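Residues are numbered in my numbering as their position in the sequence shown, beginning at 1, plus a constant of 267. All C-beta atoms in this analysis are idealised placements derived from N, C-alpha and C, irrespective of residue type, glycine included. Note that the structure is predicted; figures quoted are calculated from it, not measured.
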Amino acid sequence: MAAKYWKNMKDAFLESDAMSYRTLLYDFSIRHMVGERGHILETGKVFSSCLDVNRMSVLGFNVMIKACGISKRFSQACCVFDSMEKHSIIPDKYSYNSLMQMLASAELPEKAKFYVKIL
């Protein structure tokens, strides 16, 4: 449903506000649309739009980290995580947990070890 609303908003040239972005990202996350329902591309588009208008939240980053992990783009997930501070966003326990789980399941312990040191 979120993907449909996102497309409708873009087709109608509607300006998205912070609440729209948060709602879309929350919906992608909470309904497990990231990966399980194949909406990784849409998640990336919403995330990019949030970056463009400087409307970021820890939830947005966490959803994008999860999307990268599900699509096995582990380096990109690390880059998203690493860019959080640049956007004045402090990683929370979910940010670390998502990153650690994906790196561990991808058998990238050296990369995970770097992030453990940050904690």
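Query raised in the report: Which residues bound the alpha helix (DSSP H) around residue 347?
Result: 341-349
Requested in this report: Drop a sphere of 10 angstroms on the beta-carbon of residue 365, count the other beta-carbons inside from all chains shown, and report buried for 16 or more, exposed for fewer.
Outcome: buried
Query raised in the report: So residue 369 is in the alpha helix (DSSP H); what residue range does that whole segment cover?
Result: 360-372
Query raised in the report: Which term fits residue 321, buried or exposed, when burial requires 16 or more other beta carbons within 10 angstroms of its beta carbon?
Result: exposed
Query - Closest by C-alpha distance to residue 330, when choosing among 374, 314 and 368 - result: 314
Report task. Express the C-alpha separation of residue 287 and residue 278 in angstroms, rounding to a whole number. Result -> 15 Å
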